[in-house]
Amino acid sequence: MGPGITTSLRIPHTYCWSPTIIPKPADWGPEIDVCGFFMRDEPTYNPPPELDHFLRAGPPPVYVGFGSIVIDDPQRLTNIILEATKKCGVRVIISRGWSKLGGDSSSTDSVFYLGDCPHEWLFKRVFVVVHHGGAGTAACGLVNARPTIIVPFFGDQPFWGGVVASIGAGPHPIPHKELTVDTLVEALQYCLLDEANSAAQHVALRMSAEKGVDNAVTSLHHNLPVKAMMCDALPQCAATWLCEKKGHVLKLSDLAAATLIAEKKLKKSDLEPIGVQFYDTDVERWDPLTGGASYVLGTLTDMTVALSSAFIEPLKEYKRHRKQPREGGSQGSKGGASGAAAMAAGKNIGKVYGAMTKGALLDLPLAFAEGLRNAPKLYGAEPDDYGQVKDFTTAQYKQQDWKSGTVVGGKALGMGSYNSVTGLVTEPYKGAKTEGTVGFLKATFGIFAYPAQGVYKSIISKKDQNLYQQRVAARDRALALVDTERKKMILGWFSQAFAKK
């Protein structure tokens, strides 16, 4: 679920690239924005006299730099750059970078070896840029209307090389292993064409009108559920607690909650942590086959991790215990270290059995139950809705434990059994003639799986009580910040809120 979680849950997010060069695809939802690059303002920079003299002494040079890329054979790459630029009759600035291109060579009238220099300043003073294809470097070159040659090494660098080529502002990327004098000469000759310069100018004109940072801030505020986040009593404060009292649903900040508790208007038990947005991250099983396969893979992964820890953690504990000084300054005893190692081994072996038990009693039945329930989606029908086995992630779900699992399991039993009887009659022409068997299996797996899932979430929620306690502590500390004016405001609002009922 991880790679597609933002898509499946429609989580608002923003891509910080230029819509000029990569427009937002038509099939992307409204929760996704493309805001533009975050471009730095040109910093104040005073070039060393040697660089200033080189730039003034002739036509704008080519810039070549690979930043933090560590190159296997920097001398070979340097020779390629020098020979290619000589063949094209152009001057060149070579950024030494982490690979120390040029070694101890000195600059000449046609070659300048450069240390650190801000791209925002330098790219305005060259006519072609050659680099590894980092997103930031590519953006800086394009916004300054510079034809760009990208020599990618790894990661997203080939992608940005393809983007530059697709808009005509540079040749196709040259993978670093394929870089030769001839390929670099050909790329430089393309960048000398009016076609490449015209494309770069066109892109720069449009990119310069983009306000990436402003657009990103606008996107953030647009996607924030501000009303759900505001305290009802003190709108300038964030709501952290929810209270349902006499038909009212109140959203309260730590400050407001602490004040109302201190004034005996509310009890601590009236409050529960608020959750502005709930995302269900349980894995959705689409059918019994893939559901079962995901169970096997997940259980094997959990067991493997736990088993490896059963060997690694005892050794770590043994070494750590041996290094701890005893009274008198000597190191820890072997006996104590051995005991610590044994405890660590036992703990992690317990995790292995825990993973096996969870897989057999929860994951496997749940995978089949959910897979069978969702199977109708494969032929265009809607699956039954049994409800949700919940946890305490948000205020709405705070009181969710094994009870919700039992409810869902009961629905699975009832609806699954019903479908096993009626499926053959109600949808014979919709390809659901086998619903009798499927319904029976839904009921069989569901009555065990969903209560087990509820019990598991109850156990997990106990581990997360630390977060709840932190919220309570923050609320109690807020009482010290209440001044007379705020106290009057909070109590006045509370009285008016209940007077409206």
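Heads up: the sequence shown begins at 1 in full-length UniProt numbering, then just goes up one per residue.
Each residue gets a CB set at the ideal place from its N, CA and C atoms; glycine is no exception.
Computed from a predicted structure; not experimentally measured.
Cβ shell of residue i (< 8 Å), same chain only, five flanking positions each side left out
i: GLU313; result: ALA344, ALA345, LYS347, ASN348
i: ARG10; result: GLY29, GLU31
i: LEU266; result: CYS243, LYS245, ALA257, LEU260
i: ARG486; result: LEU234, LEU255, THR259
Cα-Cα separation between residue i and residue j, rounded to whole angstroms
i: VAL185; j: LEU179; result: 10 Å
i: TRP493; j: HIS222; result: 28 Å
i: PRO59; j: ASP194; result: 17 Å
i: PRO49; j: ALA138; result: 27 Å
i: ALA145; j: ASP73; result: 31 Å
i: HIS13; j: LEU300; result: 33 Å
i: ALA117; j: VAL64; result: Note that residue 117 corresponds to Cys in the displayed sequence, not to Ala. For CYS117 and VAL64, the distance between alpha carbons rounds to 12 Å.
i: LEU250; j: ALA239; result: 9 Å
i: MET356; j: ALA310; result: 15 Å
i: ILE490; j: ASP41; result: 45 Å
i: PHE498; j: ILE21; result: 56 Å
i: VAL203; j: LEU220; result: 26 Å
i: ILE5; j: GLN277; result: 15 Å
i: SER68; j: SER107; result: 21 Å
i: LEU205; j: PRO30; result: 27 Å
i: GLN201; j: GLY168; result: 11 Å
i: THR183; j: LEU55; result: 26 Å
i: ALA340; j: TYR279; result: 40 Å
i: PRO235; j: LYS488; result: 15 Å
i: MET39; j: SER495; result: 51 Å
i: SER105; j: GLN75; result: 11 Å
i: LEU252; j: ARG477; result: 15 Å
i: LEU224; j: GLU272; result: 22 Å
i: ILE80; j: HIS176; result: 11 Å
i: HIS131; j: ALA187; result: 12 Å
i: GLN189; j: LYS86; result: 12 Å
i: ILE71; j: GLY354; result: 47 Å
i: PHE159; j: PRO47; result: 33 Å
i: SER338; j: GLY350; result: 18 Å
i: VAL151; j: MET303; result: 43 Å
i: GLY275; j: TYR15; result: 26 Å
i: ALA473; j: ARG320; result: 34 Å
i: ALA480; j: THR281; result: 38 Å
Exposed unless 16 or more other CB atoms sit within 10 angstroms - verdict on residue i
i: HIS53; result: exposed
i: VAL226; result: exposed
i: residue 504; result: No answer is possible for residue 504: the residues shown for the chain start at 1 and end at 501.
i: TRP28; result: exposed
i: GLU317; result: buried
i: PRO171; result: buried
i: ARG91; result: buried
i: SER208; result: exposed
i: LYS390; result: Reliability of the predicted coordinates at LYS390 is poor, the pLDDT of 47 falling under 50, and the value obtained from them is presented with this limitation in mind. So LYS390 counts as buried.
i: ALA342; result: exposed
i: GLY155; result: exposed
i: GLN470; result: exposed
i: LYS26; result: Checking the displayed sequence, the identity of residue 26 turns out to be Ala instead of Lys. That one is exposed.
i: GLY115; result: exposed
i: THR44; result: exposed
i: PRO23; result: exposed
i: THR7; result: exposed
i: ALA196; result: buried
i: VAL217; result: exposed
Sequence-distant residues of the same chain with beta carbon closer than 7 Å to residue i, five excluded per side
i: LYS268; result: ILE261
i: CYS140; result: HIS119, GLU120, PHE123
i: GLY102; result: THR78, ILE94, ARG96, TYR113
i: ALA199; result: ILE167, GLY168, ALA169
i: VAL129; result: TYR63, PHE123, GLY141, ARG146, THR148
i: ASP483; result: none
i: LYS100; result: PRO74
i: VAL213; result: PHE38
i: LEU192; result: none
Beta-carbon contacts of residue i that lie in its chain and below 6 Å, excluding the five residues immediately before and after
i: PHE127; result: PRO60
i: ALA233; result: ALA256, ILE490, TRP493
i: GLY134; result: none
i: VAL305; result: none
i: GLU83; result: VAL181
i: ARG475; result: ASP254, ALA257, ALA258
i: LEU307; result: VAL352
i: ASN215; result: CYS35, GLY36
i: SER110; result: ARG91
i: PRO19; result: VAL34
Problem set entry | Within the region 73-135, ranges of the beta strand (DSSP E) (whole runs, at least 3 residues) | 92-95, 111-114, 128-131
Problem set entry | Minimum length 4: unbroken alpha helix (DSSP H) runs contained in the region 221-278 | 226-229, 254-262
Exercise. Using 8 Å as the threshold, is the region 90-98 in touch with the region 163-170, meaning 3 or more CB pairs across them?
Worked result: no
Problem set entry | Residue ranges of each beta strand (DSSP E) within the region 145-184, 3 or longer | 148-150
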